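What follows is a set of notes on a single structure, which appears directly below.
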Amino acid sequence: MTHTHHRVGPIESLKKDFVVLVMASRHIKYEDEVGRFRKTMEILRKYNPVNLGNMVVGNKYWRDEEDIVSRFREYGNIVHGVYASAEQVKEVLKELKDANLGLSVVVTGVYEEVFKILKEVGLRPHTINLSLGVWGRTEKLPPKEVLEITTMCGHCMVSPSLVMKMVSEIKKGRLSPASAAIELARPCVCGVFNVKRAEELLRKLVSKY
Amino acid sequence: MVFIDQSRCIGCGICIPFCPRGAIKLSPETKKAYIVVPECVECGTCVRVVQCPRDAIVGVVEGYAREVRGHFSDPITPHPSTGIPGRGTEEMKTNDVTGRFKRGEVGFAIDIGRPLVGVTFAEVGRFIKVLNEVGVVWEKANPILYLLKDLKEGKFPDELMNEKIHSAVLEFKVPISKVKDVIEKLKYLAETTDTVFSVGVISRVEPDFTIPVVNILKELGLEVSPWAKTNVGLGRPLVEG
């Protein structure tokens with residue numbers, strides 16, 4: 069599952085996009101896993117994530133947020149918090165480190181930025197998954213400005229047609245870019261779609277099309 | 008299988024842009040929406056998210072092949088073979104506690120069909136057969152391996168070969184000395200496939216924050232994206248080796 073991977077766009081835009089994923093390995097028996105995830109969610113929520121997701125429940129734009137932060141399986145949970153700044157991620161990691169919950173934490177983002185944060189909070193990268201981009205019949209892909217938005221859902225649940233529909237709704241004055249970004253976040257059930265970045269990318273698309 | 012109840016649909020078309028496969032159409036004859044069944048990969052987006060004013064979108068489980076499409080296309084349902092939601096495994100996300108990827112080894116996650124183009128099991132099988140020539144070590148927990156009839160030949164059960172899915176992640180590892188061989192096979196697959204694939208390369212990070220595989224990839228003329236997933240080593244008990 070590489071659902072937070074392979075995002076594309078200009079580096080300055082990518083630098084405002086971070087996903088913090090917290091996961092319990094199925095190979096480890098954690099005592100009170102549910103309690104550990106409730107604590108994790110308390111931390112993720114505290115630093116104003118632009119999206120929040122729980123693989124049991126869904127994302128905060130589709131499901132009730134109280135459910136997202138409290139309802140878990142007995143084992144095998146995965147949660148996500150999405151942030152628009154390095155400062156927020158730094159605070160989240162500091163607290164996760166202090167809480168010492170024993171769960172695996174993965175930060176997806178511009179990795180040189182992530183490494184800087186890790187140095188600042190006294191952590192070390194253990195393993196990395198690099199992206200070599202998309203290979204093969206790339207002429208079948210939507211325009212790159214659309215891909216910058218759709219790739220924020222690695223499971224490809226956000227359709228290019230929906231992006232263009234939102235552009236049209238903004239141009240007609242029926243939706244603001246912020247509301248349209250939330251509309252696009254709903255199909256991304258895991259809650260890894262960055263609505264703040266989507267809002268900025270939609271503004272760019274509206275001026276182009 | 009998802010279908011649109013023709014007796015309820017009023018042809019408003021609000022569901023059409025939501026389908027990531029473009030499989031919902033409006034019939035010029037009936038003026039009602041319908042699903043192009045061979046193109047639908049059972050991702051569940053329309054059933055979950057569209058606020059149909061007449062509740063005309065209906066999802067029902069119908070047959071093994073359609074069910075398998077859903078397993079590789081709908082992210083929220085745990086896969087029966089892994090017990091976790093999604094198309095892959097825990098891969099490097101829990102490497103701090105599993106030690107699946109060791110120093111000197113390089114992992115690959117090849118997401119075939121992604122983004123947004125899709126793939127058949129027949130094509131996934133062709134990738135497997137070609138990559139076998141390098142002698143890769145497949146991730147045994149991966150859902151694709153669970154379905155295979157013949158790993159060496161990349162054969163799936165006949166009833167699945169032409170089924171289309173959103174994407175399939177192939178996960179394997181090789182010693183770092185074989186990275187070049189894998190890349191050569193991937194270049195060949197890129198030239199001969201009718202779909203797209205996204206390439207992820209997994210490596211342990213050295214204590215000085217360097218990533219051994221990066222120089223090899225650059226020497227091979229490849230562009231490494233600044234975007235990556237980093238396991239920050241907070242899992243316990245920690246596997247250091």
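So the sequences go chain by chain: A and B. If you count the first sequence from 1, you need to add 68 to reach the numbering used here. If you count the second sequence from 1, you need to add 7 to reach the numbering used here. Think of the CB as a built atom: it goes at the ideal place given N, C-alpha and C, for glycine as much as any other residue. In this text the structure is predicted, and so the values were computed from the model without any measurement.
C-beta contact flag for residue i and residue j at 8 angstroms
i: B/F10; j: B/V65; result: yes
i: A/G149; j: A/V88; result: yes
i: A/V160; j: A/L112; result: yes
i: A/V202; j: A/K158; result: no
i: A/V286; j: B/N238; result: Outside the shown range of chain A (69 to 277) lies residue 286 of chain A, about which nothing can therefore be said.
i: B/V48; j: B/S80; result: yes
i: A/G204; j: B/A197; result: yes
i: A/I196; j: B/I218; result: yes
i: B/V212; j: A/H73; result: no
i: B/K162; j: B/T127; result: no
i: A/Y106; j: A/S153; result: Residue identity differs from the one stated: residue 106 of chain A is Arg in this sequence, not Tyr. No, Cβ-Cβ distance for A/R106 and A/S153 is not below 8 angstroms.
i: B/I250; j: B/V206; result: No statement about residue 250 of chain B is possible, as the shown extent of chain B runs from 8 to 248 and does not include it.
i: B/I183; j: B/G111; result: yes
i: A/R171; j: A/V90; result: Correcting the residue type first, residue 171 of chain A is Leu in the shown sequence and not Arg. Their beta carbons are under 8 angstroms apart, which means A/L171 touches A/V90 by this criterion.
Nonlocal neighbours in the same chain, by C-beta distance under 7 angstroms from residue i, ignoring five residues either side
i: A/R271; result: P245
i: A/K276; result: E213
i: B/T52; result: F25, C26 and P27
i: B/V67; result: M8
i: A/G144; result: A92 and R94
Chain B residues whose Cβ lies nearer than 8 angstroms to that of residue i
i: A/F183; result: F216 and T237
i: A/K233; result: P24
i: A/V274; result: The premise fails here: A/V274 is roughly 16 angstroms from chain B at the closest Cβ pair, so nothing lies under 8 angstroms.
i: A/P193; result: V212, F216, T237, N238, V239 and G240
i: A/V160; result: Those do not exist, as A/V160 stays about 11 angstroms from chain B at its closest Cβ, beyond 8 angstroms.
Within chain B, partners of residue i - CB distance below 9 angstroms
i: A/L270; result: Simply none; closest approach about 14 angstroms.
i: A/V263; result: Within chain B, no residue comes near A/V263; the closest Cβ sits about 15 angstroms away, beyond 9 angstroms.
i: A/D157; result: It should be noted that the sequence gives Val, not Asp, for residue 157 of chain A. The premise fails here: A/V157 is roughly 10 angstroms from chain B at the closest Cβ pair, so nothing lies under 9 angstroms.
Partners in chain B for residue i, counting only beta-carbon separations shorter than 7 angstroms
i: A/Y179; result: P233, A235 and T237
i: A/G190; result: Correct list: empty, because the minimum Cβ distance to chain B is about 11 angstroms.
i: A/H148; result: Going along chain B, no residue has its Cβ under 7 angstroms from A/H148, so there is no contact; the nearest lies around 11 angstroms.
i: A/P255; result: F25, T52 and V56
Contact set for residue i: own chain, Cβ-Cβ below 6 angstroms, skip 5 residues either direction
i: B/G114; result: F108, K180 and I209
i: A/H223; result: H71
i: A/N122; result: I136 and V147
i: B/V143; result: F179 and V181
i: B/I190; result: L227
i: B/G106; result: V246
i: A/V231; result: V214 and I217
i: B/H78; result: H86
Own chain, CB closer than 8 angstroms to residue i, minus 5 neighbours either side, in chain order
i: A/E142; result: E101 and V102
i: A/F261; result: N119, N127, V150, M220, C221, V226, L252 and A253
i: A/I250; result: Y129 and V263
i: B/K187; result: I223 and L227
i: B/T37; result: Q13 and G18
i: B/N256; result: The structure shown has nothing for residue 256 of chain B, since chain B only spans 8 to 248.
i: B/P244; result: V104
i: B/K136; result: K159, E160 and G161
Any non-hydrogen atom of the ligand COA closer than 7 angstroms to residue i Cβ
i: B/G111; result: This structure does not include the ligand COA; it has no bound ligands of any sort.
Contact set between residue i and chain A, taken where Cβ atoms lie within less than 9 angstroms
i: B/V131; result: The contacting residues do not exist; B/V131 stays about 13 angstroms from chain A at best.
i: B/F204; result: V202, W203 and G204
Beta-carbon neighbours of residue i, restricted to chain A and to distances below 7 angstroms
i: B/R121; result: C224
- Inter-stretch contact (C-beta, 8 angstroms, three-pair minimum) for the stretch 94 to 112 of chain B and the stretch 198 to 205 of chain B: Too few Cβ pairs lie closer than 8 angstroms, so no.
- Message: Under 8 angstroms, with one C-beta from each stretch per pair, do the stretch 171 to 189 of chain B and the stretch 166 to 184 of chain A reach the 3-pair mark?
- Response: These segments do not touch.
- Message: Contact between the stretch 147 to 154 of chain B and the stretch 53 to 65 of chain B is defined here as three or more beta-carbon pairs at a separation below 8 angstroms; is this criterion met?
- Response: No, the stretch 147 to 154 of chain B is not in contact with the stretch 53 to 65 of chain B.
- If contact means a Cβ-Cβ distance below 8 angstroms, which residues of the stretch 98 to 109 of chain B contact chain A? Against chain A - using a Cβ distance shorter than 8 angstroms - the residues of the stretch 98 to 109 of chain B are E98, M99, K100, T101, N102, D103, V104, T105 and F108.
- Item | Under 8 angstroms (Cβ pairs) to chain B, residues found in the stretch 201 to 213 of chain A | Here the close residues are G201, V202, W203, G204, R205, T206, K208, L209 and P210.
- Proximal residues, the stretch 81 to 115 of chain A versus chain B, C-beta separation under 7 angstroms: The residues in question are L82, L89, M91, S93, R94, H95 and I96.
- Query: Looking at chain A, which residues of the stretch 135 to 167 of chain B have a Cβ within less than 8 angstroms of any of its Cβ atoms?
  - Reply: Within the stretch 135 to 167 of chain B, no residue qualifies.
- Report the residues of the stretch 33 to 45 of chain B with a CB closer than 9 angstroms to any CB of chain A, ordered along the chain. Cβ contacts with chain A come from no residue of the stretch 33 to 45 of chain B.
- Listed in chain order, which residues of the stretch 113 to 134 of chain A have Cβ atoms closer than 8 angstroms to some Cβ of chain B? So the close ones are M123, G126 and W130.
- Could you run through the stretch 213 to 231 of chain A and flag, in chain order, every residue whose CB is less than 8 angstroms away from some CB of chain B? Contacts with chain B (Cβ-Cβ distance below 8 angstroms) from the stretch 213 to 231 of chain A involve L215, T218, T219, G222, H223, C224, M225, V226, S227, P228, S229 and L230, listed in chain order.
- Return the residues of the stretch 164 to 189 of chain B that lie within a Cβ-Cβ distance of less than 8 angstroms from chain A, sorted by chain order. Interface annotation for the stretch 164 to 189 of chain B against chain A: H173, S174 and V176, criterion Cβ-Cβ distance under 8 angstroms.
- Query: the stretch 219 to 231 of chain B: which residues have C-beta closer than 9 angstroms to a C-beta of chain A, in chain order?
  - Reply: Result list: V220, V221, L224, L229, E230 and V231.
- Message: Residues of the stretch 165 to 179 of chain A in Cβ contact with chain B at a cutoff of 8 angstroms, in chain order, please.
- Response: Result list: K165, N168, L169, G170, L171, S172, V173, V174, V175, T176, G177, V178 and Y179.
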